[in-house]
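In my numbering, the protein residues as written are 5 to 120.
Glycine included, every Cβ here is placed at the ideal spot set by N, Cα and C.
Below is one structure, written out as structure tokens; the observations come after it.
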């Protein structure tokens, strides 16, 4: 009877060792890094910028971009689908903002400073 229990435990361990659901923590970290694909040659300028001026966003591919601007507290303040390069954010006040840009399947996050 003990041999049967040992055999069942052994078979269970062998089956679990081939399971794809069990992974080391380092593999999980590598998978998370591969999800964060950055936009090639993304430029947001001028930065820092003067209040009331326009922001320019360029990238290597030059495709349509989804631009979200967040306050430092994480509240989305502005959203626009940008076809060209020029983004009018003259209504934003002096401060520090987070700009999140999505282009195709890629995304990037940059800090934006607006000064007087």
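Continuous beta strand (DSSP E) stretch holding residue 99: start and end:
On the chain shown, position 95 is the one that residue 99 refers to. From DSSP, the beta strand (DSSP E) with residue 99 extends over 99-107.
What residue from 11, 15, 53 has the CA that sits closest to residue 94's CA?
Working through the chain shown from its first residue, we reach residue 94 at position 90. Here the closest residue by C-alpha is 53.
Here's a check: name, in chain order, each residue in its chain whose Cβ is nearer than 7 Å to the Cβ of residue 1, leaving out the five neighbours to either side.
With the chain covering 5 to 120 only, the question about residue 1 has no answer from this structure.
Residues near residue 49 in its chain [Cβ-Cβ closer than 6 Å; skip 5 each side]
Counted from its first residue, the chain shown places residue 49 at position 45. Once the five neighbours on either side are set aside, the close Cβ partners of residue 49 are 60.
Per DSSP, which one or two residues make a beta bridge with residue 74?
Taking the first residue of the chain shown as 1, we reach residue 74 at position 70. 80, 102.
Cβ neighbour criterion (16 or more within 10 Å) applied to residue 57
For the purposes of this step, residue 57 is taken as residue 53 along the chain shown, with counting starting at 1. So residue 57 counts as exposed.
Answer with yes or no whether the minimum CB distance from residue 48 to chain B is below 8 Å.
Among the chains in the structure shown there is no chain B, since it carries only a single protein chain.
Applying the criterion that 16 or more other CB atoms from any shown protein chain within 10 Å of the CB defines a buried residue, is residue 101 buried or exposed?
Here residue 101 refers to the residue found at position 97 when the chain shown is read from its first residue. Burial of residue 101 is indicated by the presence of at least 16 other C-beta atoms within 10 angstroms of its C-beta.
Excluding the 5 residues flanking residue 92 on each side, which residues of the same chain have their C-beta closer than 7 Å to its C-beta?
Your numbering for residue 92 matches position 88 in the chain shown. Exclusion of the five residues before and after residue 92 leaves 58 as the residues of its chain whose Cβ lies within less than 7 Å of its Cβ.
Opposing strand residues paired with residue 53 [DSSP bridges]:
The residue you call residue 53 lines up with position 49 of the chain shown. Note: residue 53 sits in a beta bridge opposite 118.
Can you tell which of 89, 90, 81 has the C-alpha that lies nearest to the C-alpha of residue 96?
Locating residue 96 in the chain shown gives position 92, counting from the first residue. Cα-wise, what sits closest to residue 96 is 81.
Start and end residues, beta strand (DSSP E) containing residue 42
Position 38 of the chain shown, counted from the first residue, corresponds to residue 42. Neither: residue 42 is in no beta strand (DSSP E) and is coded neither H nor E.
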